[in-house]
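Undergrad:
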Amino acid sequence: MNLPADVQNIISILESNGHEAYAVGGCVRDCILGKVPHDWDITTSALPEQVKALFSHTFDTGIEHGTVTVLMHGIGYEVTTYRVDGKYEDGRHPKEVTFTASLEEDLKRRDFTINAMAYNDSKGLVDLFGGESDLQTGIIKAVGDPMERFTEDALRMLRALRFSAQLGFEIEADTYEAIKKLAPTLERISAERIQVEMVKLVTSDHPEKIRDIYDTGLSKVFFPEFDVMMECDQVNKHHIYSVGEHTIVSMTLAPADKVLRLAMMLHDIAKPACKTVDENGQNHFKMHPVKGAEMARDFMRRLKFDNDTTDKVCILVKNHDDRPEITPRNIRRLIIRVGRDNFDSLLAVKRADCLAQSMYHREEKLAYIDAMEKEYHKIIADEDCLAIKDLKVSGKDLIQMGVPQGQKIGEILKALFDEVVDDPNLNNRDYLLKRIEGMVK
């Protein structure tokens with residue numbers, strides 16, 4: 345295992361001053377998997393004040409938990425004293441931590457065996473709980489008693505599913521059963537922490553692992569709409585899956601982009617609420633995209649997503665089922681409605697949605713999306729007017745022609761824009777100035 349020079353330097357300085365020190369946790373796991381770690385954490389027998397005394401550039405990041413950040417060449421490395429966690433009274437944080445001189449005690453408190461390994465060049469790999477073997481066999485397994493680990497921090501249950509999705513691993517049976525038993529305790533965890541784990545899961549190589557969110561009962565806590573989707577069938581020639589299974593399949597068919605995967609996860613969220621059954625026993629889901637955009641926004645607010653991500657996802661949910669006749673005017677209107685920056689995403693959503701349906705008219709549906717994309721690219725290449733700012737006249741022109749500042753200017757520009765969207769050839773300055781003259785007389 346090749347440690348970066350800065351990490352090796354920190355470990356060497358600590359060791360040369362009589363302390364133990366190791367790279368620990370996820371960085372060791374990633375190295376064994378042949379991946380490049382995102383960051384490097386170091387664990388040591390040195391107390392925080394001893395660490396601070398040995399390095400010239402440090403700052404306190406979690407001093408009460410023994411963590412000091414050491415700066416090397418502008419990069420921060422978290423150095424944490426071996427510790428034993430006290431009693432977890434809220435299912436999130438230990439009431440207190442106690443520093444220890446034992447690496448084994450420190451590793452025992454960690455969540456999963458694959459994250460409870462340490463390494464330095466002098467001692468090699470320290471693997472007290474079979475983490476390397478679990479990496480080789482593709483297993484997510486709690487360190488020690490999984491009921492204890494998940495009682496300490498309920499977020500670990502969701503982390504287990506997230507690691508399973510990111511690594512393509514299975515969850516060990518006792519660990520999985522403990523998640524099912526303790527799933528309701530996830531309610532103690534903040535929406536922000538849940539959001540982080542969910543985004544990592546849905547953007548992973550195995551977004552289908554979201555099925556385990558339902559199977560374990562975790563979704564009941566923060567995403568009950570998903571339970572309803574999983575239990576809602578679709579008796580309809582266009583579908584072969586339940587709403588939930590269709591959603592899962594569609595997620596696997598979309599690029600691993602946060603907005604796209606979230607849009608696929610939520611695109612049919614309102615189908616159960618909009619479901620009707622006709623006289624032939626066939627299901628229909630009229631207006632589900634509009635209702636879905638409202639429900640998607642509620643979900644994303646619940647998990648404290650930022651406004652930009654929320655808006656983009658809700659636009660895609662609302663418009664995912666739009667099927668206008670392919671004409672330049674209609675596609676221009678759709679681009680304006682969705683936003684030019686979101687249109688490629690809309691096409692990706694439509695394709696994933698289509699490919700997760702039955703084979704009924706699939707070729708025709710895909711050909712329709714291809715035609716929409718072709719018309720979209722032509723409109724962009726022709727530089728058609730897609731926003732009021734693209735008009736060959738502006739509010740300044742109207743003011744110079746005697747239109748007083750205020751609402752009237754916006755109304756005139758909107759009327760001109762509507763004309764130009766219908767016929768781009770009308771985006772001609774002379775023509776538009778004449779139109780304005782006629783409007784202000």
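If you want my numbering, it's the 1-based position in the sequence shown plus 344.
Each residue gets a CB set at the ideal place from its N, CA and C atoms; glycine is no exception.
Quick caveat: nothing in here was measured; it's all calculated off a predicted structure.
What is the DSSP secondary structure of L469, counted as helix, strand or coil?
TA: Here residue 469 corresponds to residue number 125 of the sequence shown, with the count starting at 1. Of the three classes helix, strand and coil, the one that applies to L469 here is strand, per DSSP.
Undergrad: Quick check on DSSP: helix, strand or coil for H628?
TA: Start at 1 with the first residue of the sequence shown, and residue 628 comes out as number 284. H628 falls in the strand class under three-state DSSP.
Undergrad: Give me the residue from N674, G370, H590, M574 with the minimum Cα distance to V765.
TA: Taking the first residue of the sequence shown as position 1, residue 765 is located at position 421. If we check each option's Cα against that of V765, N674 comes out closest.
Undergrad: Here's a check: name, in chain order, each residue in its chain whose Cβ is nearer than 7 Å to the Cβ of R681, leaving out the five neighbours to either side.
TA: If you number the sequence shown from 1, residue 681 lands on position 337. Correct list, in chain order: N663.
Undergrad: In whole angstroms, what is the alpha-carbon distance linking D549 and D665?
TA: Counting from one through the sequence shown, the residue named residue 549 turns up at place 205. Counting from one through the sequence shown, the residue named residue 665 turns up at place 321. Roughly 26 Å separates the two Cα atoms.
Undergrad: Does chain C have any CB closer than 9 Å to the CB of L545?
TA: Among the protein chains of the structure shown there is no chain C, as only one such chain exists.
Undergrad: Alpha carbon to alpha carbon, how far is P594 from A527?
TA: Along the sequence shown, one-based indexing puts residue 594 at 250. Along the sequence shown, one-based indexing puts residue 527 at 183. Per the sequence shown, residue 594 should be read as Ser rather than Pro. Cα to Cα, S594 sits roughly 26 Å from A527.
Undergrad: Which runs of the alpha helix (DSSP H) spanning at least 4 residues fall entirely within the stretch 660–743, listed in chain order?
TA: 672–682, 687–699, 706–725
Undergrad: Measuring straight from C-alpha to C-alpha, what distance separates K581 and R676?
TA: Position 237 of the sequence shown, counted from the start, is the residue given in the question as residue 581. Position 332 of the sequence shown, counted from the start, is the residue given in the question as residue 676. Distance between the alpha carbons of K581 and R676 is about 31 Å.
Undergrad: Which residues mark the beginning and the end of the beta strand (DSSP E) in which M416 is found?
TA: What you label residue 416 is simply residue 72 of the sequence shown in a count that begins at 1. Where M416 is concerned, the enclosing beta strand (DSSP E) stretches over 411–416.
Undergrad: Measuring only the C-alpha atoms, how far is V737 from L530?
TA: As a working note, residue 737 is residue 393 in the sequence shown. As a working note, residue 530 is residue 186 in the sequence shown. Taking the straight line joining both Cα atoms gives about 56 Å.
Undergrad: Below 8 Å on the Cβ atoms is my contact criterion, and I expect L777 with L760 to pass it. Report the Cβ-Cβ distance as a whole number of Å.
TA: Locating residue 777 in the sequence shown gives position 433, where the first residue counts as 1. Locating residue 760 in the sequence shown gives position 416, where the first residue counts as 1. Contact flag wrong, Cβ pair sits at about 10 Å.
Undergrad: Give me, in chain order, the residues of the same chain whose beta-carbon lies closer than 6 Å to that of A600; leave out the 5 immediate sequence neighbours on both sides.
TA: For this step, residue 600 is matched to residue 256 along the sequence shown. Cβ within range, chain order: T547.
Undergrad: Under three-state DSSP, which class holds Y558?
TA: For the purposes of this step, residue 558 is taken as the residue at position 214 of the sequence shown. Three-state result, Y558: helix.
Undergrad: For G406, does the three-state DSSP call read helix, strand or coil?
TA: The sequence position of residue 406 within the sequence shown is 62, counting from 1. If DSSP states are grouped into helix, strand and coil, G406 belongs with the strands.
Undergrad: I need the DSSP call for I419, collapsed to helix, strand or coil.
TA: In the sequence shown, residue 419 corresponds to position 75, counting from 1. Correct three-state label for I419: strand.
Undergrad: From D728 to S563, what distance separates their C-alpha atoms?
TA: For this step, residue 728 is matched to residue 384 along the sequence shown. For this step, residue 563 is matched to residue 219 along the sequence shown. Answer to the nearest angstrom: the Cα atoms are 45 Å apart.
Undergrad: Starting from the N-terminal side, write out each stretch of the alpha helix (DSSP H) that is 4 residues or longer and does not extend beyond the stretch 484–568.
TA: 490–496, 499–511, 517–526, 535–546, 555–560, 563–566
Undergrad: Start and end of the alpha helix (DSSP H) containing N353?
TA: Numbered from its first residue, the sequence shown carries residue 353 at position 9. From DSSP, the alpha helix (DSSP H) with N353 extends over 349–360.
Undergrad: According to DSSP, is T444 helix, strand or coil?
TA: In the sequence shown, the residue the question calls residue 444 occupies position 100. Looking at T444 - three-state DSSP - the assignment turns out to be coil, as it is neither helix nor strand.
Undergrad: State the DSSP-derived secondary structure class of F456, mapped to helix, strand or coil.
TA: Here residue 456 refers to the residue found at position 112 when the sequence shown is read from its first residue. In the structure shown, F456 sits in a strand (DSSP, three-state: E or B).
Undergrad: Measure from the alpha carbon of E449 to the alpha carbon of each residue in Y463, N459, Y426, then state which is nearest.
TA: Locating residue 449 in the sequence shown gives position 105, counting from the first residue. Per the Cα distances, Y426.
Undergrad: Comparing C-alpha positions only, which one of I484, K524, M573, H721 sits nearest to T560?
TA: For this step, residue 560 is matched to residue 216 along the sequence shown. The option with the nearest alpha carbon to T560 is K524.
Undergrad: Provide the residue(s) that pair with A427 in DSSP beta bridges, ordered along the chain.
TA: The residue given as residue 427 occupies position 83 in the sequence shown. The sequence given here places Arg at residue 427; Ala does not occur at that position. R427 pairs with F443.
Undergrad: Please return the same chain residues whose Cβ sits closer than 7 Å to the Cβ of A617, not counting the five positions on each side in sequence.
TA: Position 273 of the sequence shown, counted from the start, is the residue given in the question as residue 617. So the qualifying residues of the chain are K635.
Undergrad: Identify which residue in I584, H611, R506 has its Cα closest to the Cα of S702.
TA: Here residue 702 refers to the residue found at position 358 when the sequence shown is read from its first residue. Checked all of I584, H611, R506; the closest Cα to S702 is I584.
Undergrad: For K694, count the other beta carbons within 10 Å of its own beta carbon; 16 or more makes it buried, fewer makes it exposed. Which is it?
TA: For the purposes of this step, residue 694 is taken as the residue at position 350 of the sequence shown. Buried.
Undergrad: Nearest to T387 by alpha carbon, out of V351, I419, C375, K379?
TA: For this step, residue 387 is matched to residue 43 along the sequence shown. When each option's Cα is compared against that of T387, the closest is V351.
Undergrad: Please report the distance separating the alpha-carbon of L505 from that of D734.
TA: As a position in the sequence shown, residue 505 is number 161, starting the count at 1. As a position in the sequence shown, residue 734 is number 390, starting the count at 1. Between L505 and D734, the C-alpha separation is close to 48 Å.
Undergrad: According to the neighbour-count rule (16 or more other Cβ atoms, all chains shown, within 10 Å of its Cβ), is Q578 buried or exposed?
TA: The residue labelled residue 578 in the question sits at position 234 within the sequence shown. That one is buried.
Undergrad: Return the Cβ separation of E496 and D429 in integer angstroms, given the expectation that the two are a contact with Cβ distance under 8 Å.
TA: Sequence index remark: in the sequence shown, residue 496 carries index 152 (1-based). Sequence index remark: in the sequence shown, residue 429 carries index 85 (1-based). Their Cβ separation, rounded to whole angstroms, is 7 Å, which keeps E496 and D429 in contact under 8 Å.
Undergrad: Between the Cα of G369 and those of Y720, M745, D697, R453, spot the shortest distance and give me the residue it belongs to.
TA: Counting from 1 along the sequence shown, the entry for residue 369 is found at position 25. Measuring from the Cα of G369, the nearest candidate turns out to be R453.
Undergrad: Between the stretch 606–616 and the stretch 640–652, do at least 3 Cβ pairs fall closer than 8 Å?
TA: yes
Undergrad: Do you know offhand how far R532's Cα is from P568's?
TA: On the sequence shown, position 188 is the one that residue 532 refers to. On the sequence shown, position 224 is the one that residue 568 refers to. Going by the C-alpha atoms only, they are around 16 Å apart.
Undergrad: V587 lies in the alpha helix (DSSP H); which residues open and close that run?
TA: In the sequence shown, the residue the question calls residue 587 occupies position 243. Where V587 is concerned, the enclosing alpha helix (DSSP H) stretches over 587–596.
Undergrad: Report the CB separation of P392 from G420 in whole angstroms; it is logged as a contact under 8 Å.
TA: Taking the sequence shown and counting its residues from 1, one reaches residue 392 at position 48. Taking the sequence shown and counting its residues from 1, one reaches residue 420 at position 76. Rounded, the Cβ-Cβ distance is 15 Å, inconsistent with contact.
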